[in-house]
Each structure stands twice: as C-alpha cells, then as structure tokens.
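Numbering (my numbering), first residue to last: 9 to 513. For glycine and all other residues, C-beta sits at the position ideal for the given N, C-alpha and C.
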Ligand SMILES: [Zn+2]
C-alpha cells in the first residue's frame, strides 16, 4: 500500500531511476529554417512542430559559431559537435590544393551512384567521427545508422563514415539513390520505393500559383522547391524505418533526416514570402506524420527526437530596402576582378585568382611560388583590394585566420572556427549586415550574423525535461549531449558542452 502510494506519481518514480536509453534517435534537420519560423507561425502549427514546441526542451538562443553558415558545414556540425577547423568541412565546395580541383564536401570519384549514373559521394572528406560512428563503434556495429535527404551532403555528413546507408534524391531520374561507398547495389526496398515513380505524380501540379513542368527533365529539380520534395523525403523515411526495422532491436539506432525543400523555397522567395510560410506549415504536417509512423513501430517514449536547422537565411535585399532596412548585393565577379586587377598591377600578368566560393577566395599559390613572392604579402594585397569595395565589412587573410588576427570579437572567432589550414581560402570577406555576395534574385546565407546563424534546437523524448531554455547555446552542443545520454564516447572533434539543464537526473 505504502509502495503503491509512493509510486502513485509515476513521474516521481521515474525521476529516481536512471532514464532508459531510447531505442531510436531521430535527428531532424530542416534545411534553412530560421529560429523565428517557430515563433512567427506558432499559432498555425498543430502537428509535429506544435508537438516539439509543447513537449520538447526548446532552446531559444541556439546558434552556429562558424562561417560560412551553409549547408555542408551546418550538417557536418550537428552530429559531430566539431567546427570546420577540425571537421575539415569548410564549405559546400572548396578548392582542394592537393587535387588542384574544385571539390564538393562529399564528392568522391572512387564511388559510383547507385540508382543513377555517374560518380557517387562519400563521407571521406569528413575528418572527425559522428554520433552514429561512435554508436557503431560502441555497439560492435550492431546499431543501425541511416541518413536521408534530397541532398547528398545532407544525408551523408550527419550520418557519418560507418553509416549503413545514406540516401538522397537524384533530380535527373527522380529516384532516391545511394553510393557504392555503402552498398554493392541499391537495397531492394529502395528499388521498391522508386519502382512506382513517386516523383512523377507532381507533373503539372500547381502550388501557390507555380505550375510544375510537364517534362521530367525539369520536373524533378523544380519540385525540390515545393513542399512536395519534403513529402517525398517523409515517405522515403517511413520506408527506411520499416525496411531497416529501426528502433526494434536491443541497441539504439540512429536515423537522420534532412528536409531540403525549405532551403530551395527560401532561396527563391525569401523568408518573408507566403511560400516560406506554406512550406513551414507543410513541414509541421510532415513531421507529425513521421512521428506517428515512428511511434507505431518503436512505441511512444522509446525514441528521442532532436530538431534543428543547418543555417538561417537573410531577408531578400530588395524587401529589406523597401522597409527602410539596410541591404544589397555585391557582385562576386566584381570582387574577383578587383583582386585580379590589383595583383596584375603589382606583380604582373597572370591568373591570380584560382577559385571563389561564397565569401572565400583562393589565390593561385603555384603562380605565387613560381614568381617567388611572399604569400602573406600577396594575400594582404588581395585583401586590400576587396576591402576597398563598398559594403565589405571585414577581410581576413589566411595568416590572420591561422594566427587569430583581425578584430578580436565574435565575428573573428567564427571565421577562425570555420578555417581549416589545408582546405581554407587565402582570403575571406564578411559583407556588411544584410548584404550578400551574388547577383540575381532571391536570397542567400553564409554570414556570421543572427539571421544566418540563429536556428532552433529542440530535444524531445525520454530523459528530457520539457520547457524553454533561453541561455545561449551552440549547435555544437547537440552531439556531446546525445553521446552522454547514450553513454558512448563523445565524437572526436566535439567542442560542445552537455546540455545538462534539460536532462532529467
Ligand atoms: Zn542548407
């Protein structure tokens, strides 16, 4: 009787026991989902996002601590806890000086695409372990680790080196594909998913006045920029869940899902558009559908959800200017021409700029060596040329980035965190707030400013104390926190702290 009374409040009993480990960790990344999408549309959410906001531990001031704030870098941070300075993932693409070629964060010429044609992709450029790798190593390979997205980098980088499989969408064929890095051939359940051509049904469909193309050659890329792309991800994830029987064995499994359509929509229409709002509301519904599928298979209370984003986004410059806010576009070709012109003037003819990406500029180091010039001096000259352009806030040279030079503030720290000695650029620029590098329409993200780096972080599940947590945290804190909950080794490059404030003790 007394015991019954004592245990009458189940919550109190549970609080005394060590929290049981979840059967499944479900990591959800929404590609380009600013923190304020949670608050601006809060009253319109009634599905998975509403559930996360009411039942989860919601970190209201989570941010990225690196530059550039872009997809590969964000996705490589979430489950490694590492900064690019350690993970080696310094961009979506960069110039590899050893290979003397532009490479992507996951390009791997030694692999083949499965389910499509051409080279595949792999996590071989990721230098550190992920949570999934640590799970695998701790569990003797038994835990299942699966990654899903529309984008290869967003499926591969969160799941890691030892993942059983990573799957993404091939806009050439409309198939979900993988790489020979993981399998000899595409698993039968993936072939079964592709067989009825699920992407074909969006041919000619209209969404918010945008009519999708009738021909497959253009349809598959176009549907990525509608919520239909996320519908495909959700459906594929349910298939993966069932086929791989995730969360039904003794060990904890890991499923990472990155919803990409929000990013394509956001780039095209901007954060203040009806399209972004509609896509966020669709995400709310898609997440609820996924949570229900997970619950049916794994059981309520047996899975842990982590929800976050890989970066935010800037307002469309023209929208900002119209509302009396700063903003504008800097032409990347102008930056390149300014550097090329200044170096020709000072050092003579030559192709001085090898490559540019977002905020990064790679100089022609072989030419500099051939002319027996001092690299640091040439970099300073290039930096001076960029600094002279309007709306450039800062310019960092390689030497400054490696030696902690420049203004000693949070921006410089983010630049240093984003810099990797072998892969980093010679010069990196930071535009003024609300200014972006690039011409054309739409908007982008990359800078250290709040709109690009402030993202949601929500944990929900067993052992998590729901509520709002307002202290500033870094996205890097997710990985070591999960490692602590799962009682496994912290990923090798993690610099995060454990979010003890939300853990039920
Ligand atoms: Zn992204």
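Measure the alpha-carbon distance for residue i versus residue j and round it to whole angstroms.
i           : j           : result
residue 207 : residue 136 : 35 Å
residue 437 : residue 195 : 44 Å
residue 167 : residue 353 : 48 Å
residue 31  : residue 40  : 28 Å
residue 515 : residue 503 : No information on residue 515 is available, as it lies outside the stretch 9 to 513 that the chain covers here.
residue 16  : residue 471 : Residue placement at residue 16 cannot be trusted, given a pLDDT of 49 that sits under 50; the coordinates are not used to answer.
residue 199 : residue 126 : 18 Å
residue 121 : residue 186 : 6 Å
residue 238 : residue 347 : 41 Å
residue 133 : residue 97  : 7 Å
residue 313 : residue 396 : 47 Å
residue 467 : residue 63  : 9 Å
residue 9   : residue 250 : The predicted position of residue 9 is uncertain, since its pLDDT is 45 and thus under 50; a value taken from the coordinates is nonetheless stated next. Roughly 43 Å separates the two Cα atoms.
residue 414 : residue 402 : 9 Å
residue 224 : residue 211 : 8 Å
residue 221 : residue 202 : 20 Å
residue 49  : residue 445 : 29 Å
residue 43  : residue 69  : 8 Å
residue 293 : residue 280 : 20 Å
residue 19  : residue 477 : Confidence at residue 19 is low in this model, with a pLDDT of 49, below 50, so its placement is unreliable and the value that follows should be read with caution. Going from the Cα of residue 19 to the Cα of residue 477 covers about 21 Å.
residue 505 : residue 192 : 39 Å
residue 242 : residue 481 : 29 Å
residue 451 : residue 150 : 43 Å
residue 82  : residue 124 : 26 Å
residue 499 : residue 88  : 6 Å
residue 105 : residue 61  : 45 Å
residue 101 : residue 159 : 14 Å
residue 362 : residue 338 : 19 Å
Taking the alpha carbon of residue i as the reference point, which residue from the options has its own alpha carbon closest?
i           : options            : result
residue 340 : 294, 400, 75, 291  : 400
residue 258 : 310, 53, 55        : 310
residue 407 : 398, 420, 138      : 420
residue 161 : 150, 152, 174, 149 : 174
residue 335 : 370, 360, 447      : 447
residue 364 : 377, 382, 344, 375 : 344
residue 181 : 512, 148, 264, 205 : 205
residue 305 : 392, 477, 254      : 254
residue 152 : 201, 73, 256, 468  : 256
residue 368 : 405, 427, 355, 435 : 435
residue 130 : 277, 112, 455      : 112
residue 379 : 487, 360, 333, 442 : 360
residue 45  : 269, 57, 404       : 57
residue 493 : 391, 462, 158, 511 : 511
residue 55  : 179, 385, 495, 290 : 290
residue 383 : 393, 371, 394      : 371
residue 422 : 455, 430, 302      : 455
residue 514 : 461, 351, 28       : This structure does not reach residue 514, given that the chain is present from 9 up to 513, and the question cannot be answered.
residue 107 : 214, 374, 179      : 374
Which stretch, first to last residue, makes up the beta strand (DSSP E) that contains residue i?
i           : result
residue 430 : Premise fails: residue 430 is in no beta strand (DSSP E) and is neither H nor E.
residue 118 : 115–122
residue 371 : 368–371
residue 91  : It is not in any beta strand (DSSP E) - residue 91 carries neither H nor E in the DSSP assignment.
residue 336 : 336–338
residue 128 : 127–129
residue 197 : From DSSP, residue 197 is part of no beta strand (DSSP E) but of the alpha helix (DSSP H) over 196–202.
residue 234 : It is not in any beta strand (DSSP E) - residue 234 carries neither H nor E in the DSSP assignment.
residue 266 : 261–267
residue 183 : 183–187
residue 110 : 109–112
residue 103 : 101–104
residue 36  : 32–38
residue 75  : Unbroken run through residue 75: none, as it is neither H nor E.
residue 317 : 311–317
So, under 8 Å CB-CB, residue i and residue j are touching, yes? Tell me the CB distance rounded to an integer number of Å.
i           : j           : result
residue 170 : residue 501 : The pair is not a contact, with the Cβ atoms about 16 Å apart (cut-off 8 Å).
residue 316 : residue 86  : 6 Å
residue 80  : residue 165 : 6 Å
residue 298 : residue 246 : 7 Å
residue 458 : residue 75  : In fact, because the Cβ distance is near 13 Å, the residues do not count as touching under 8 Å.
residue 272 : residue 233 : 4 Å
residue 38  : residue 270 : 5 Å
residue 156 : residue 248 : 6 Å
Grab the span of the alpha helix (DSSP H) containing residue i for me, first residue to last.
i           : result
residue 68  : Run containing residue 68: none in the alpha helix (DSSP H); it sits in the beta strand (DSSP E), 65–71.
residue 48  : 44–48
residue 329 : 325–330
residue 287 : 282–306
Does the beta carbon of residue i come closer than 8 Å to any beta carbon on chain C?
i           : result
residue 307 : Considering every chain present, this structure includes no chain C. It has just one protein chain.
(request) Identify every run of the beta strand (DSSP E) within the stretch 147–177, keeping only runs that are complete inside it and at least 3 residues long; order them along the chain. (result) For the stretch 147–177, whole beta strand (DSSP E) runs of length 3 or above, ordered along the chain, are 153–157.
(request) Only counting runs of 4 or more residues, tell me where the alpha helix (DSSP H) segments fall wholly within the stretch 478–509, in order along the chain. (result) Entirely contained in the stretch 478–509, the alpha helix (DSSP H) runs reaching 4 residues are, in chain order, 486–494.
(message) Extract the residue ranges of the alpha helix (DSSP H) inside the stretch 354–419, only unbroken runs of 4 or more that lie entirely within it.
(response) Entirely contained in the stretch 354–419, the alpha helix (DSSP H) runs reaching 4 residues are, in chain order, 373–378, 383–395, 406–411.
(request) Would you mind listing the alpha helix (DSSP H) stretches within the stretch 432–475 that are 4+ residues and don't spill past its ends, in chain order? (result) Runs of the alpha helix (DSSP H) lying entirely within the stretch 432–475, each at least 4 residues long, are 458–461 in chain order.
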